[in-house]
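**Q** With our numbering as the guide, the letters of the sequence shown map in order to residues 4 to 131.
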Amino acid sequence: MADQSAAKVKVANLREKSQAELTQTLDTYRRELMDLKVQQVAGAAAAKSSKIRDVRRNVARVLTVLTQQARSEVRGQYANKKYIPKDLRAKKTRALRRALTKNELSRKTLRQQKKEDNFPIREFAIKA
């Protein structure tokens, strides 16, 4: 298994697994990483350092899939709610988050409505 897990694990394969299976694979990768670090301290070959890098990245991939799954579950819970937690909201930019909505932009004051009703934009036919 040591040679097999050092290879890059495919994220598509990880997404098919359940949360329990993912935590199990995470434990195996972490155990393998510990073993490799012990071997490195003991003075193993330089090839182990590249293996350590691969295993660390595999751990990161598994953790990424776990957090993505957890976030998607929480997103599902807040799907039709009025308020969504800040970490699930769209990031955008500060200015865009504070900008008026389409509805707010289209609203007009009573005074503006009267002005537009009483003084419509005049259209003139221009001689060519």
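Ideal Cβ placement from N, Cα and C applies to all residues, glycine included.
(1) In three-state terms, what does DSSP make of Thr67?
(2) Straight-line CA distance for Lys117 to Lys95?
(3) Quick check: what's the CA-CA separation for Thr28 versus Ser75?
(4) For Tyr81, which residues in the same chain have their Cβ closer than 6 Å to its Cβ, ignoring the five residues on either side in sequence?
**A** The answer reads as follows:
(1) Stepping through the sequence shown from its first residue, residue 67 is reached at position 64. DSSP places Thr67 in helix when its eight states are reduced to three.
(2) For the purposes of this step, residue 117 is taken as the residue at position 114 of the sequence shown. For the purposes of this step, residue 95 is taken as the residue at position 92 of the sequence shown. So the two alpha carbons sit approximately 37 Å from each other.
(3) The count along the sequence shown starts at 1 and reaches residue 28 at position 25. The count along the sequence shown starts at 1 and reaches residue 75 at position 72. Cα to Cα, Thr28 sits roughly 21 Å from Ser75.
(4) In the sequence shown, residue 81 corresponds to position 78, counting from 1. Closer than 6 Å at Cβ, skipping near neighbours: Ile87.
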